[in-house]
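A short worksheet on the structure shown next.
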Amino acid sequence: MLHRLRFIPGRLVQSIPVAIGVTIIVFFMARLLPGNPALALLGQHATKASVAALSKQLGLDQPLWQQYLIFLGRLFQGNLGTSITYQMPVTQELAQAIPVTLSLLGLALLLSLVISIPLAALAAFRPGGARDLGVRGFTLLGQGMPQFWLGIMLILLLAVGVRAFPVGGYGETAGDHFYYLFLPALTLGITMCPTIIRSLRSSMINVLESEYVGTAKSKGSYGAALFRGHVLRNAAIPTVSVIGVNLGFLVGGSLVIEKVFALPGLGSMMINAIFTRDFPTIQGVTLFVAFFVVVVGILTDVVYTILDPRVDLSSKERA
Amino acid sequence: MTTPTAALVAYKQKRRLTRSRSIKPWYRNGSLMAGIIIVGLLVLVAVLAPVLAPYNPITQNLEDAIQSPSPAHWLGTDQFGRDVLSRLIWGAQVDLRVGFLAVFIPFVIGSTLGAIAGYFGGWLDTILMRIVDTFFAFPFYVMVIVLVFVFGSGESSIYIAIATVSWVSYARIVRGEVLIAKKQDYVVAARLGGMSHARILVRHIGPNVLSQAIIYAMSDIVMDIMAIVTLGYLGLGIAPPTAEWGSMINDGQQFITTQWQLATIPGLVVVVTSLGLSWLGDGLSDLLSPERRK
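The listed protein sequences derive, respectively, from chains W and A.
Take my numbering: the final residue in the first sequence is number 1126, and no numbers are missing along the way.
Take my numbering: the final residue in the second sequence is number 305, and no numbers are missing along the way.
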């Protein structure tokens, strides 16, 4: 088992250029803003003296590459600057918002799987049949819906029409949180379904045509037992990497969904920061999200290797 | 919802899995025809907006604010008394224009860089692909929202933002295709015949790999329309008085309990638009790469 995880150090090294690239892009975003970056960091109401002081502190009088090194140095110290609006460290703001977004993502992924697995199975058992067409229609529709609009429609149906769920907010206790997160997570989960269903369906079709499923059938396995024991586990493997690749998309979507449901997560934090022109906060969220995507990429490879004994990422074929 | 990665994965799977069908003439291709009809109608509506729209989409008429659908206003009016149907029709102009135009820059830049990286390989390829990986680390919406903020609001910064984010998908697709194509006999033959690299890339490899980029571009248009609608919803898109589907949904959300059609109908129009474009893309992919169907 462990020897197959040998690829991890190499994979980490591989992601270093990407991580550096991320910091470069985020660094230059501040330079693209019109006017003095120190002014952008301090906000419009900054005094001349404080702008001059920060300019010196940021080393804006030094060459660009030195400025970048200073930025990187501050980053390594865990210093993401101070939020203009709330006058507190961006890291502290992030610490409050991250749990909300992560729980939203986790619940969304769970709901998405709960919806996708049966639908994919329904479609895969008779490709081209009526059920397959129905599922295909669902994926087409799911793809065509703007996420935030789906959220509003679910509010209309389940919060305004039936009054089963709150319209928005996050609640006070952990139980509340789950209750308030359900509708946004369902929204996000549904928008994730088309991708998962398509991947699961095609790998299930492949598995169902395989010889080992034929053998299992001839030995008398059928229905749910066959599905659980032989089909799902094998079909799940490629889907894991599809989910990993798309988690970035899920993060992006959660930002918009949080705005719809007024959840105090990273998305609301970022969009509010956009409207108050709170650049340090925008920078902090962007950096965190990008690093999160990079880390998830590595974790996906690990899970993939654990699930499928045939995969050996430390071999050469990957390079 | 489509994203670069989702679309990429979908596209790869589609390539692998399209089932065999007999070669049909283009007009017998169901999804292509459905796509052409839907998209054609939408474009027609957008172009004929000045003729078709019964009212001015921007002039406010506060006496008629928030009306339910009636013979005078088929889809009712919004909070400023503007006719919703007219705003939908004019909105088609904005949303379709941005969707179609936003695809061109990333298509050209991404395909060119991808082709160069794939053809020449080596350190150039390594560097370019690391840059592509870096851009892929930023989720589509995060990057687009931040860039629209950085470049300032307005249509042109939306184009720049979308171009900055989505060229990477084209680069990946075209690079992959070029990697396969450059080993083919016709390229080797052209090289032996003394043709220059530039000529081989443009005249011989180009036409053979571009069809995949064009097929991807169709799903990219859907994504761009989603982006502009989402930006409009967040209040970061086209400036307010202009009719735009996303900001119409945003305006309608506050009246969700009384006038639910205000938020619902613009969204349905977006759904129909993306369905039409998806079918058009499916049809085109059947047409452009029949040999891929195994």
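Every residue, glycine too, gets a C-beta built ideally from N, C-alpha and C.
With DSSP run on the structure shown, which of helix, strand or coil describes residue i?
i                 : result
Arg32 (chain A)   : Confidence is the limiting factor: at Arg32 (chain A) the pLDDT is only 49, short of 50, which leaves the residue's position unreliable and the question unanswerable from this model.
Pro1087 (chain W) : helix
Asp89 (chain A)   : coil
Ser1009 (chain W) : helix
Asp1108 (chain W) : helix
Thr889 (chain W)  : strand
Asp94 (chain A)   : strand
Pro150 (chain A)  : coil
Met237 (chain A)  : helix
Lys194 (chain A)  : coil
Asn1053 (chain W) : helix
Val974 (chain W)  : coil
Pro1045 (chain W) : helix
Leu1070 (chain W) : coil
Arg1117 (chain W) : coil
Ala254 (chain A)  : coil
Met206 (chain A)  : coil
Pick from the options: whose alpha carbon is nearest that of residue i?
i                 : options                                   : result
Asn261 (chain A)  : A:Leu298, A:Trp271, A:Gln272, A:Gly243    : A:Gly243
Thr145 (chain A)  : A:Arg183, A:Leu212, A:Ala103, A:Ala126    : A:Arg183
Ile276 (chain A)  : A:Thr175, A:Asn219, A:Arg98, A:Glu74      : A:Arg98
Val240 (chain A)  : A:Ser180, A:Ser81, A:Ala228, A:Val155     : A:Val155
Gln821 (chain W)  : A:Ile138, A:Asn40, A:Thr253               : A:Ile138
Leu993 (chain W)  : W:Ile1003, W:Gly1027, W:Ser919, W:Ala928  : W:Ser919
Asn72 (chain A)   : A:Val56, A:Ala64, A:Leu63, A:Asp89        : A:Asp89
Met952 (chain W)  : A:Ile236, A:Tyr130, A:Gln104              : A:Ile236
Pro117 (chain A)  : A:Arg93, A:Glu166, A:Pro80, A:Trp178      : A:Trp178
Phe115 (chain A)  : A:Gly292, A:Arg141, A:Ile225, A:Ala250    : A:Ile225
Arg141 (chain A)  : W:Leu912, W:Ser1048, W:Val825             : W:Val825
Gln894 (chain W)  : W:Val1101, W:Leu871, W:Phe1086            : W:Phe1086
Leu917 (chain W)  : W:Leu1054, W:Val829, W:Leu819             : W:Leu1054
Ile1113 (chain W) : W:Val1047, W:Val1100, W:Ala930, W:Met1076 : W:Val1047
Ile1127 (chain W) : A:Ser296, A:Leu298, A:Gly278, A:Tyr152    : This structure cannot settle anything about residue 1127 (chain W), because the visible part of chain W is limited to 808 through 1126.
Gly1072 (chain W) : W:Val1092, W:Ala859, W:Phe1082            : W:Val1092
If I follow the unbroken alpha helix (DSSP H) through residue i, where does it start and stop?
i                 : result
Ile48 (chain A)   : 41–58
Tyr1019 (chain W) : 1018–1025
Ser919 (chain W)  : 897–932
Ser79 (chain A)   : Per DSSP, Ser79 (chain A) belongs to no alpha helix (DSSP H) and is neither H nor E.
Arg878 (chain W)  : Contrary to the premise, residue 878 (chain W) reads as Phe rather than Arg in this sequence. It spans 871–883 - the alpha helix (DSSP H) in which Phe878 (chain W) sits, taken as one unbroken run.
Thr830 (chain W)  : 814–839
Pro336 (chain A)  : Outside the modelled stretch of chain A, which goes from 12 to 305, sits residue 336 (chain A), for which no answer is possible.
Arg938 (chain W)  : 937–951
Ala1031 (chain W) : 1030–1033
Does the CB of residue i have a neighbour CB from chain W at under 8 Å?
i                : result
Ser180 (chain A) : no
Ile260 (chain A) : yes
Trp271 (chain A) : yes
Pro80 (chain A)  : no
Arg32 (chain A)  : Its pLDDT being 49, under 50, Arg32 (chain A) is placed unreliably by the model, and the measurement read from it follows with that caveat. No, Arg32 (chain A) does not count as interfacial toward chain W.
Ala274 (chain A) : yes
Ile267 (chain A) : yes
Val62 (chain A)  : no
Ser285 (chain A) : yes
Gly278 (chain A) : yes
Ser296 (chain A) : no
Leu299 (chain A) : no
Is there at least one Cβ from chain A nearer than 8 Å to residue i's Cβ?
i                 : result
Ile959 (chain W)  : yes
Asp872 (chain W)  : Here the sequence assigns Trp to residue 872 (chain W), which means Asp is not the residue at that position. No, because no Cβ of chain A sits closer than 8 Å to the Cβ of Trp872 (chain W).
Thr1093 (chain W) : yes
Val1063 (chain W) : yes
Gln894 (chain W)  : no
Phe972 (chain W)  : no
Pro991 (chain W)  : no
Met1011 (chain W) : no
Met1076 (chain W) : no
Leu1089 (chain W) : Note that residue 1089 (chain W) is Ile in the sequence shown, not Leu. Yes, contact with chain A.
Gln869 (chain W)  : no
Arg1125 (chain W) : Because Arg1125 (chain W) sits at a pLDDT of 42, beneath the cut-off of 50, its placement in the model cannot be relied upon, and the following sentence gives the value as read from the coordinates. Cβ-Cβ to chain A under 8 Å: no for Arg1125 (chain W).
Ile962 (chain W)  : yes
Got a sec: which bits of the region 1095–1121 of chain W sit with their beta carbon under 7 Å from any beta carbon on chain A, in order along the chain?
Val1096, Ala1097, Val1100, Val1101
Give the residues from the region 91–109 of chain A that approach chain W closer than 9 Å (Cβ to any Cβ), ordered along the chain.
none
Residues of the region 213–238 of chain A in Cβ contact with chain W at a cutoff of 8 Å, in chain order, please.
Val233, Met237
Residues of the region 238–256 of chain A with Cβ closer than 8 Å to any Cβ of chain W, in chain order
Val240, Thr241, Tyr244, Leu245, Gly246, Leu247
Could you please tell me which residues of the region 136–156 of chain A, in chain order, have their CB closer than 7 Å to any CB of chain W?
Arg141, Ile142, Asp144, Thr145, Ala148, Phe149, Pro150, Phe151, Tyr152, Val153, Ile156
Which residues of the region 829–840 of chain W have a Cβ closer than 7 Å to any Cβ of chain A? Give them in chain order.
Val829, Ile832, Met836, Leu839, Leu840
Along the region 157–179 of chain A, what residues have a CB closer than 9 Å to any CB found in chain W?
Val157, Leu158, Val159, Phe160, Val161, Phe162, Gly163
Can you pull out the residues from the region 39–61 of chain A whose beta carbon lies closer than 8 Å to at least one beta carbon of chain W?
none
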